[in-house]
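Q: The structure's right below; bear with me while I get my questions together.
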Amino acid sequence: MACKEMSKETSADFHVPVSCPFTIDEIEINGLTNSTTYLIREHDRYGEFPHIYAKICGTPSFGTPNINPSLRHRKVCWAPSVAVQNELEGYKVIVLSDTGCGTEVPNSSPQPPPPTQANDEQRQCKIRTEPAVWNIRTFLEYTINPGGRIPYLVMTTHCHYDHIMGIGRLPPTSTATDYQDSKDHVSDVCLSDGSARPRTTVLSSSYGESFITPYSNLQDHSLCDKLGLQAPRYDVGIWAADLSHVIFTHPTISSSSPAKVSPRPLPVSITTPLTILHTPGHTPDSLSWYDSDLRLLCVGDSFYVKETAVTQDAKWGPEPPMPVIFDLESDLGQWWWSLKKVLGFVRVRNAETEKREVRENEGLQAEAKDHDEVDTDADDDEEFVYIDADELAPTTSNKGVEVAAEERARPTLPSHSVEESKEHANAKTVSKRVVTGKQETRTQQTGFDIPSPSKRGVIALPILSAPEGRHPADTDQADDVWMMVVDPVARPRPQRQLDHPPRFGLNPVITSHRVQPGLPVPRLKREGIRPPPHDLSIPQVQTQPQGFATRRPRVRLCAAHTTLSVDAERAILSIQRFMTRILENDVPCRRAEDGPRGEERWIWDDALSSSPLSSATQIDTDVTTIKERRDTSVHAERAEPEQGHRRGTSMVMSATPARSKSKHSYSYSVVAPLSVINEGRRNILGRHRHRHPAGVV
Numbered sequence: 000m001a002c003k004e005m006s007k008e009t010s011a012d013f014h015v016p017v018s019c020p021f022t023i024d025e026i027e028i029n030g031l032t033n034s035t036t037y038l039i040r041e042h043d044r045y046g047e048f049p050h051i052y053a054k055i056c057g058t059p060s061f062g063t064p065n066i067n068p069s070l071r072h073r074k075v076c077w078a079p080s081v082a083v084q085n086e087l088e089g090y091k092v093i094v095l096s097d098t099g100c101g102t103e104v105p106n107s108s109p110q111p112p113p114p115t116q117a118n119d120e121q122r123q124c125k126i127r128t129e130p131a132v133w134n135i136r137t138f139l140e141y142t143i144n145p146g147g148r149i150p151y152l153v154m155t156t157h158c159h160y161d162h163i164m165g166i167g168r169l170p171p172t173s174t175a176t177d178y179q180d181s182k183d184h185v186s187d188v189c190l191s192d193g194s195a196r197p198r199t200t201v202l203s204s205s206y207g208e209s210f211i212t213p214y215s216n217l218q219d220h221s222l223c224d225k226l227g228l229q230a231p232r233y234d235v236g237i238w239a240a241d242l243s244h245v246i247f248t249h250p251t252i253s254s255s256s257p258a259k260v261s262p263r264p265l266p267v268s269i270t271t272p273l274t275i276l277h278t279p280g281h282t283p284d285s286l287s288w289y290d291s292d293l294r295l296l297c298v299g300d301s302f303y304v305k306e307t308a309v310t311q312d313a314k315w316g317p318e319p320p321m322p323v324i325f326d327l328e329s330d331l332g333q334w335w336w337s338l339k340k341v342l343g344f345v346r347v348r349n350a351e352t353e354k355r356e357v358r359e360n361e362g363l364q365a366e367a368k369d370h371d372e373v374d375t376d377a378d379d380d381e382e383f384v385y386i387d388a389d390e391l392a393p394t395t396s397n398k399g400v401e402v403a404a405e406e407r408a409r410p411t412l413p414s415h416s417v418e419e420s421k422e423h424a425n426a427k428t429v430s431k432r433v434v435t436g437k438q439e440t441r442t443q444q445t446g447f448d449i450p451s452p453s454k455r456g457v458i459a460l461p462i463l464s465a466p467e468g469r470h471p472a473d474t475d476q477a478d479d480v481w482m483m484v485v486d487p488v489a490r491p492r493p494q495r496q497l498d499h500p501p502r503f504g505l506n507p508v509i510t511s512h513r514v515q516p517g518l519p520v521p522r523l524k525r526e527g528i529r530p531p532p533h534d535l536s537i538p539q540v541q542t543q544p545q546g547f548a549t550r551r552p553r554v555r556l557c558a559a560h561t562t563l564s565v566d567a568e569r570a571i572l573s574i575q576r577f578m579t580r581i582l583e584n585d586v587p588c589r590r591a592e593d594g595p596r597g598e599e600r601w602i603w604d605d606a607l608s609s610s611p612l613s614s615a616t617q618i619d620t621d622v623t624t625i626k627e628r629r630d631t632s633v634h635a636e637r638a639e640p641e642q643g644h645r646r647g648t649s650m651v652m653s654a655t656p657a658r659s660k661s662k663h664s665y666s667y668s669v670v671a672p673l674s675v676i677n678e679g680r681r682n683i684l685g686r687h688r689h690r691h692p693a694g695v696v
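Here the sequence shown is numbered in numbering that gives the first Met the number 0, starting from 0 and rising by one per residue.
Here it is as structure tokens:
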């Protein structure tokens, strides 16, 4: 992720203290600003550093509860719940993608809010009183949900502990009972004014319903039992179908001013731009979601790049590389199928964008052509005068050329002198080209047919007319009766007012050599076209057509770890290639520590040293554990943010990577049980099981 994907509204603007284990940044992606979509990152004690996405959705204004007509016949997820209405902003809901590890720490140094000017309302609304305890709920209320009056809709990308443990910190769902014994029960279910806090709605994949229900399955498959954790108890309000659109609908309840606003009898529906996709593989209940507003696809834990600028610039220090992890419940065959499905989904969206762009450009080109034709006709009319041939007294010369009557020409054309007449009579005859509607003929023309310039500097070119007293037999053969008037003397032309909009033209634009002229860079790369070399010593002149449609962005991809914004299609293709190389034993690998269930696990990474280590002692020292966070006791002390917590993964990096990476390639690392890889090899490549992976270092 590049820094440009983040807006200026960051944790510093929310006055988040350094000791807080969360950060927040508003996402600006694909040129969209004020997206009301945020990336929240958590500094947890397990070294997961999960990505939590928050999007504020709402109705456009007060009293407009309706259902989008375009969605009446489409697959829709209905979220029955409640929302709080603001008279000025309409109804709102905060959609969360996962909730993190459930980190909760006391605020070590609560500070009073900094002083502000009384008239600076925008600054005041961002300043909150720091909570006594930091968790996902208090952090959201401190930043984007002041007062906690906006309800939450939580989309779980899958059921692992680092994605669902934060649900236990949010207001309870309709059937949650684990708050009965909580000492913070009152603050969790009630607002500061004593009114009921909006309940939380949870959305999960309908494909994996049996994987997380009943509760005993959730406790087991979330890996909470392996860490000594208690999985949160919550009710799944929405079992989302594949390719369904998320609509948050509910009966309304009291607002911030219960005495002024009475409950409305009609349900209010908030149409979100989110589409759910079933993507099993990492776990059976894995899902992805697509935000059509941002053109952003989130794939959860299905895959993610090893490290990004986000992980290297974290406020708690650089984070170690993050491998894509599979466990015994993972199915590489399903994972591969889900990748192909998501790739097709992305390509359809990209193709729709390109087709729409082509249609818009064609429309603008047609409009520009129409304007050019109008201007051409108008300009041509200025250079011609219409002569009525029937009013002229034609006289046929010996050469068969009809000329205008001498009497009509006298007022504007001077009479010829005798010397001029003799001179013209001795002139060599030339052929004149007569253009008709269907054919071209050539007639002989002498200099006598072209009058000399008048005192006004006007040359009148002769025309052909029909013989006197009759019309041409074939109207298509009728000669044009327009005469062109040429003024050889340069004079300023009168300016006429345009009676139509200005045409779309090509205006030269001076650009520096750093700007590549021609097609946009993404198109150049996709079509394999290299921009021509330029002389760096002089600026380049680029002609850019005015009015052409701006190129729409391609779909971007984010994940539940490390990755915020990469090109979705390229990322999917690159992880497919990397997994294919793993299955074909083309990636360096080495044995890792066994998994939480005692399974044999290996790590595949191009950054591993390609040469064997000198001693078993060095192997044991360098390769200690791949994911110590899942084997850490729940009672271990949480690492302090300023200590720069490091994951327990240690790899030997070669001085020269096994494969060079261009700026458009993506670096991955995979940790998986050997049995899962062998099963995937049979399902994907159709090959027999290998007892030991090749390429071991």
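Think of the CB as a built atom: it goes at the ideal place given N, C-alpha and C, for glycine as much as any other residue. All of these numbers come straight from a predicted model, not from anything done at the bench.
1. Between residue 49 and residue 101, which are expected to be in contact by the criterion C-beta below 8 Å, what is the C-beta distance as a whole number of angstroms?
2. Identify, in the order they occur along the chain, each residue of the same chain with its Cβ nearer than 6 Å to the Cβ of residue 570, setting aside the five sequence neighbours on each side.
3. What's the C-alpha gap between residue 231 and residue 161?
4. From the DSSP secondary-structure annotation, give me the bridge partner or partners of residue 600.
5. Roughly how many whole angstroms lie between the Cα atoms of residue 23 and residue 681?
6. Rounding to the nearest angstrom, what Cα-Cα distance links residue 224 and residue 327 in this structure?
7. With the cut-off set at 7 Å, would you say residue 201 and residue 236 are in Cβ contact?
8. Mind checking residue 310: buried by the 16 CB within 10 Å criterion, or exposed?
9. Alpha carbons only, please: which of 139, 243 and 280 is nearest the one belonging to residue 301?
10. Consult DSSP for residue 90 and reduce its assignment to one of helix, strand or coil.
11. Which residues does DSSP list as the beta-bridge partners of residue 105?
12. Our contact map puts residue 703 next to residue 278 with C-beta atoms below 8 Å; I'd like the distance itself, whole angstroms only.
13. Go to residue 224, then tell me how far its alpha helix (DSSP H) extends in each direction, as first and last residue.
14. If you run the structure through DSSP and keep just helix, strand and coil, what is residue 147?
15. What distance in whole Å lies between the Cβ atoms of residue 592 and residue 674, which are believed to be in contact at a cut-off of 8 Å?
16. Starting from residue 37 and walking both ways along the beta strand (DSSP E), at which residues does that stretch end?
17. Do residue 566 and residue 553 have their C-beta atoms within less than 7 Å of each other?
18. Name the DSSP bridge partner or partners of residue 164?
19. Leaving out five residues on either side along the sequence, give the residues of the same chain with a beta carbon under 7 Å from the beta carbon of residue 136.
20. If you follow the beta strand (DSSP E) that residue 574 is in, where does it begin and where does it stop?
21. Using a threshold of 7 Å, state whether the C-beta atoms of residue 45 and residue 305 are closer than that.
22. Return helix, strand or coil for residue 48, following the three-state DSSP convention.
23. Ends of the beta strand (DSSP E) at residue 698?
24. Between residue 345 and the rest of its own chain, which residues show a CB-CB distance below 6 Å, the 5 nearest in sequence each way excluded?
25. Could you check if residue 339 is buried or exposed, using at least 16 other CB atoms within 10 Å of its CB as the buried criterion?
26. Can you say whether residue 47 is buried or exposed, counting buried as having 16 or more other CB atoms within 10 angstroms of its CB?
27. Give me whichever residues DSSP pairs with residue 25 in a beta bridge.
28. Would you mind sorting residue 53 into buried or exposed? The rule is 16 or more other CB atoms within 10 Å of its CB.
29. Could you name the residues of the same chain whose beta carbon sits closer than 7 Å to that of residue 333, not counting the 5 residues immediately before and after it, in chain order?
30. Comparing alpha-carbon positions, which option in 216, 298, 294 and 157 lies nearest residue 350?
31. So what does DSSP say about residue 310, is it helix, strand or coil?
32. Give me the DSSP bridge partner(s) of residue 321.
33. Report the three-state DSSP secondary structure of residue 233 (helix, strand or coil).
34. What does the alpha-carbon distance come out to for the pair residue 335 and residue 684?
35. Between which two residues does the alpha helix (DSSP H) holding residue 217 run?
36. Tell whether a beta-carbon distance below 7 Å holds between residue 93 and residue 39.
A: Working from what's here:
1. A Cβ-Cβ distance of about 10 Å is found for the pair residue 49 and residue 101, leaving them out of contact under the 8 Å criterion.
2. Beyond the five residues adjoining it in sequence on each side, residue 570 comes within less than 6 Å, by CB distance, of 556 and 665 in the same chain, given in chain order.
3. About 12 Å.
4. DSSP output for residue 600 lists 672 as bridge partner(s).
5. Looking at the two C-alpha atoms, the distance is approximately 43 Å.
6. Using only the alpha carbons, I get a separation of about 15 Å.
7. Taking 7 Å as the cut-off, the beta carbon of residue 201 is found closer than this to the beta carbon of residue 236.
8. With 16 or more neighbouring CB atoms inside 10 Å of its own CB, residue 310 falls in the buried class.
9. Of 139, 243 and 280, the smallest CA-CA separation from residue 301 is found for 280.
10. Residue 90 falls in the strand class under three-state DSSP.
11. Per the DSSP secondary-structure output, residue 105 pairs in a beta bridge with 132.
12. Nothing about residue 703 can be read from this structure; the chain reaches only from 0 to 696.
13. Run containing residue 224: 223-226, per the alpha helix (DSSP H) assignment.
14. Residue 147: helix per DSSP, three-state reduction.
15. Residue 592 and residue 674 do not touch by the CB rule: their CB atoms are close to 16 Å apart, not below 8 Å.
16. Run containing residue 37: 36-41, per the beta strand (DSSP E) assignment.
17. Yes. Within cutoff.
18. Residue pairing from DSSP leaves residue 164 without any beta-bridge partner.
19. Excluding positions up to five away in sequence, the list reads 168 and 169.
20. For residue 574, there is no enclosing beta strand (DSSP E); the enclosing alpha helix (DSSP H) has its first and last residue at 567-582.
21. For residue 45 and residue 305, no; Cβs fall outside 7 Å.
22. In the three-state reduction of the DSSP assignment, residue 48 falls in the coil class, being assigned neither a helical nor a strand state.
23. The chain is shown only over 0 to 696; residue 698 falls outside these bounds and no answer can be derived.
24. By the criterion of a C-beta distance shorter than 6 Å, residue 345 is surrounded in its chain by 554, 567 and 568, once the five residues flanking it on both sides are discounted.
25. The residue in question, residue 339, is exposed, as its Cβ has fewer than 16 Cβ neighbours within 10 Å.
26. Only buried fits residue 47, as 16 or more other CB atoms lie within 10 angstroms of its CB.
27. Answer is 37.
28. Looking at its Cβ environment, which holds 16 or more other Cβ atoms inside 10 Å, residue 53 is buried.
29. Within the same chain, residue 333 has close Cβ partners 279 and 280.
30. 294 is the residue among 216, 298, 294 and 157 whose C-alpha sits nearest the C-alpha of residue 350.
31. Note: residue 310 maps to helix in three-state DSSP.
32. For residue 321, which the question treats as bridged, DSSP gives no partner whatsoever.
33. The DSSP-derived three-state label of residue 233 is coil.
34. Using only the alpha carbons, I get a separation of about 11 Å.
35. Where residue 217 is concerned, the enclosing alpha helix (DSSP H) starts and stops at 214-220.
36. It is not a contact, given that the beta carbons lie outside the stated cut-off.
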